[in-house]
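Enquirer: Here's a structure for you.
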Amino acid sequence: MKASCLALLLAITLVRCSTTTAAKDDNAMFDLKITNGRVLDGTGSPWFRADVGIRGDEIVAIGDLSASSATQTIDAQNRIVSPGFVDLLSWAQYNALTEPALEAHVRQGITTAIAGEGYSPGPRRPDQLNETERWPRLGDYLDELDRKGAAINFALLVGSANPREMVIGNADRDATADEMRQMEAIVNQAMRDGAIGLSTSLVYVPAMYQSTEELIALARVAAKYDGMYFSHIRSEGDQIDSALDEAFRIGREGGLPVNIWHLKIGPRVNWGKMPGIIARIAAQREQGLDVSANVYPYAASGTALSTLAPDWAMEGGYGDFRRRLANPEDRARIAEAFRTQFARRGERGVYISQIFHAPHKQYEKKYIEEVARMMNTTVDEALIALFAESALSPRVIYFLMNEDDVRYALKQPWVSVGSDADSPNAKVRAEGVAVHPRAYGSFPRVLGRYSRDEQLFPLEEAVRKMTSQAALRAHIYDRGVLRPGMKADVLVFDPAAVRDLSTFEDPHHFSEGITDVVVNGVAVLRDAQLTGQVPGRSIRGRGYEKR
Ligand SMILES: [Zn+2]
1256 MKASCLALLL
1266 AITLVRCSTT
1276 TAAKDDNAMF
1286 DLKITNGRVL
1296 DGTGSPWFRA
1306 DVGIRGDEIV
1316 AIGDLSASSA
1326 TQTIDAQNRI
1336 VSPGFVDLLS
1346 WAQYNALTEP
1356 ALEAHVRQGI
1366 TTAIAGEGYS
1376 PGPRRPDQLN
1386 ETERWPRLGD
1396 YLDELDRKGA
1406 AINFALLVGS
1416 ANPREMVIGN
1426 ADRDATADEM
1436 RQMEAIVNQA
1446 MRDGAIGLST
1456 SLVYVPAMYQ
1466 STEELIALAR
1476 VAAKYDGMYF
1486 SHIRSEGDQI
1496 DSALDEAFRI
1506 GREGGLPVNI
1516 WHLKIGPRVN
1526 WGKMPGIIAR
1536 IAAQREQGLD
1546 VSANVYPYAA
1556 SGTALSTLAP
1566 DWAMEGGYGD
1576 FRRRLANPED
1586 RARIAEAFRT
1596 QFARRGERGV
1606 YISQIFHAPH
1616 KQYEKKYIEE
1626 VARMMNTTVD
1636 EALIALFAES
1646 ALSPRVIYFL
1656 MNEDDVRYAL
1666 KQPWVSVGSD
1676 ADSPNAKVRA
1686 EGVAVHPRAY
1696 GSFPRVLGRY
1706 SRDEQLFPLE
1716 EAVRKMTSQA
1726 ALRAHIYDRG
1736 VLRPGMKADV
1746 LVFDPAAVRD
1756 LSTFEDPHHF
1766 SEGITDVVVN
1776 GVAVLRDAQL
1786 TGQVPGRSIR
1796 GRGYEKR
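Its first residue numbered 1256, the sequence shown is counted upward by one per residue in the numbering used here.
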């Protein structure tokens, strides 16, 4: 390594000496140099002392660079210098276009976000386009992102719900042969637009109506372009074994790697099952199936409250669900299903975080038991009342996991981190919306709470999980490790100070301890201050063909 660094430096010197143009960079060996750091390179190796030299968007040298000049220098002051973190499940793709600073992501050290959980920004049918979903093709979104820039990089998966909605809508039925051909062509186009793979979110309409065979056919299209398959699997509870089996089968018959999003198990009656789940995945890996997972490091999940409703009641979507509530027979069955759910979840498992129906605002940020008391009724009736009057499903935080299960999953070497969160924008912060703390703290929490404080694994392993291991799961080969020739996504953080501050009760606090964030060679955070730069760009899959 030393010899090749030297050779590279020599080569740069030669190029520099032979160039006589008077651009400002010509006087300096590097555009940016990070000095006095302890380098954790992302491979899992313990730190070593070195400087990092960056030219353009690339790391060009690592070692003692004290003799080389640089246009800008970051003095790491003995802190850790590591690759930027890769978030395997981000929801910041929309805010990226309106508030590109993405402060909550940046202050967690996220430099690359993988987005498109089951549903991607484009493609859509022309008649389905609206203000927020305005991209007829997935490539239209990526082009817009490249035009506007964002603080961090984005890669997109094409959601299986996109072609389903475009061709069949929300109906609960199998696709015909002709519809299959249309959906395959849509996925094919998305892969050529630069999607990095196919994604599914199989608990939501309409993806829940897609059969395993349908998903295998779509996966095969993604596989042609070196794509991978990411999935919110069909069950994270009682049916998790069959849900995992389905994901394994899609990987095997589709011919692509599988990544399980937010691997978890609940509710209370299923606590303690994580070791068995891990063993099942490990057995597949032993047989040669490339299957891995990611988690957000919290024992509670956050989603739409309508996920409590039975599948049959959700057919056609949330609107149809509300119509069924008006039918006494359906209503009784739904209430019964809710009562069964509560018996299995225990007390204080359902926390109503956000309500979009103004007259119900007083029930926000309360456990459903408190809401029921306020309404002077039972929990199942309280739930039905919330749904019956809200045109949009309320949001919920489910306290459904066991901390030991979370830890057991997190410590597996092939498990990375996905925040499963948007980077909250100014409006959400000003209104104090009860967002899940993972939006602010996922990555620092792994460094601080789980690695440093609980010693679940060493710091170099925490960094490896969130850098090289995560980048490889997205088939991104030029990020995630600090090496000459890699893209310059680099962090500086204080390992003693890094910590998450956001809580369920008081979520809107940025994480601390990450002082400098460099994306494609440009600092977006310097000395813990945002710089306002937007060097982030789209990262496109191997099928990408420029239009
Ligand atoms: Zn999900």
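Even glycine gets a Cβ: it sits at the ideal position worked out from N, Cα and C.
Please list the segments of the beta strand (DSSP E) lying wholly inside the stretch 1350–1378, counting only runs of 3 or more residues, in order along the chain.
Expert: As far as the stretch 1350–1378 is concerned, its whole beta strand (DSSP E) runs of at least 3 residues are 1365–1370.
Enquirer: According to DSSP, is A1559 part of a helix, a strand, or is it coil?
Expert: Of the three classes helix, strand and coil, the one that applies to A1559 here is strand, per DSSP.
Enquirer: Below 6 angstroms CB to CB, which residues in the same chain sit around P1565 once its five sequence neighbours on both sides are set aside?
Expert: Taken in chain order, the residues that qualify are A1592.
Enquirer: Let me check one thing: in DSSP terms, what residues is P1338 bridge-paired to?
Expert: P1338 is bridged to V1745.
Enquirer: For A1676 versus A1694, is the C-beta distance shorter than 7 angstroms?
Expert: The answer is yes: Cβ separation under 7 angstroms.
Enquirer: G1252 by DSSP, collapsed to three states: which one?
Expert: Not covered by the structure: residue 1252. The range shown for the chain is 1256 to 1802.
Enquirer: Determine the extent of the alpha helix (DSSP H) in which R1792 is found, giving its start and end residues.
Expert: No alpha helix (DSSP H) holds R1792; DSSP gives it neither H nor E.
Enquirer: Could you check whether the Cβ of H1763 sits closer than 6 angstroms to any heavy atom belonging to ligand 1?
Expert: No, since every heavy atom of ligand 1 falls outside the 6 angstroms radius drawn around the Cβ of H1763.
Enquirer: Can you tell me whether T1275 is buried or exposed, with buried defined as 16 or more other CB within 10 angstroms of its CB?
Expert: Bear in mind that a pLDDT of 35 at T1275, under 50, signals an unreliable position, so the number given afterwards is only what the model happens to contain. The residue is exposed, with fewer than 16 neighbouring Cβ atoms inside 10 Å.
Enquirer: Using 8 angstroms as the cut-off, can you tell me whether the stretch 1781–1794 makes contact with the stretch 1404–1414, which would need three or more C-beta pairs spanning the two stretches below that distance?
Expert: Result yes; three or more Cβ-Cβ pairs closer than 8 angstroms.
Enquirer: State the Cα-Cα distance for the pair D1545 and E1468, rounded to the nearest angstrom.
Expert: Each residue's Cα considered, the two are about 20 angstroms apart.
Enquirer: Could you compute how far the alpha carbon of R1392 sits from the alpha carbon of G1377?
Expert: Those two C-alpha atoms are separated by around 5 angstroms.
Enquirer: Which of the three DSSP states, helix, strand or coil, is assigned to N1514?
Expert: In the structure shown, N1514 sits in a strand (DSSP, three-state: E or B).
Enquirer: How would you label T1366, buried or exposed, when you count the other beta carbons within 10 angstroms and need 16 or more for buried?
Expert: Per the 10 Å Cβ criterion, buried.
Enquirer: Report the option in D1500, D1575, I1369 whose CA atom is closest to the CA atom of Q1539.
Expert: Measuring from the Cα of Q1539, the nearest candidate turns out to be D1500.
Enquirer: Let me know the alpha helix (DSSP H) ranges lying completely inside the stretch 1615–1656, each 4 residues or longer, listed in chain order.
Expert: The qualifying runs are 1623–1630, 1634–1644.
Enquirer: Between Y1618 and L1641, how many whole angstroms is the CB-CB distance? I'm expecting something under 8 angstroms.
Expert: About 7 angstroms; that satisfies the 8 angstroms criterion.
Enquirer: For V1777, tell me which candidate among G1768, D1398, V1745, G1796 has the shortest Cα-Cα distance.
Expert: If we check each option's Cα against that of V1777, V1745 comes out closest.
Enquirer: Regarding V1487 and ligand 1, is the C-beta to nearest heavy atom distance less than 6 angstroms?
Expert: The question names Val, but residue 1487 in the sequence shown is His. Correct: H1487 has its Cβ closer than 6 angstroms to ligand 1.
Enquirer: Assess contact between the stretch 1289–1296 and the stretch 1320–1336, defined as three or more Cβ pairs (one per stretch) separated by less than 8 angstroms. Is contact present?
Expert: Counting Cβ pairs under 8 angstroms, three or more are found: they touch.
Enquirer: So, helix, strand or coil for M1284, using DSSP?
Expert: Residue state, collapsed to three classes: coil.
Enquirer: Does the Cβ of N1582 have 16 or more other Cβ atoms within 10 Å, making it buried, or fewer, making it exposed?
Expert: So N1582 ends up on the exposed side.
Enquirer: Around the C-beta of D1382, are 16 or more other C-beta atoms found within 10 angstroms, so that it is buried, or is it exposed?
Expert: Flag for D1382 reads exposed.
Enquirer: Under three-state DSSP, which class holds E1715?
Expert: Correct three-state label for E1715: helix.
Enquirer: Taking K1528 as the reference, give the member of L1780, F1698, D1659 with the closest Cα.
Expert: Of the candidates L1780, F1698, D1659, the one whose C-alpha sits nearest the C-alpha of K1528 is D1659.
Enquirer: Looking at L1397: is its Cβ nearer than 7 angstroms to the Cβ of G1449?
Expert: Yes, these two residues count as a Cβ contact at 7 angstroms.
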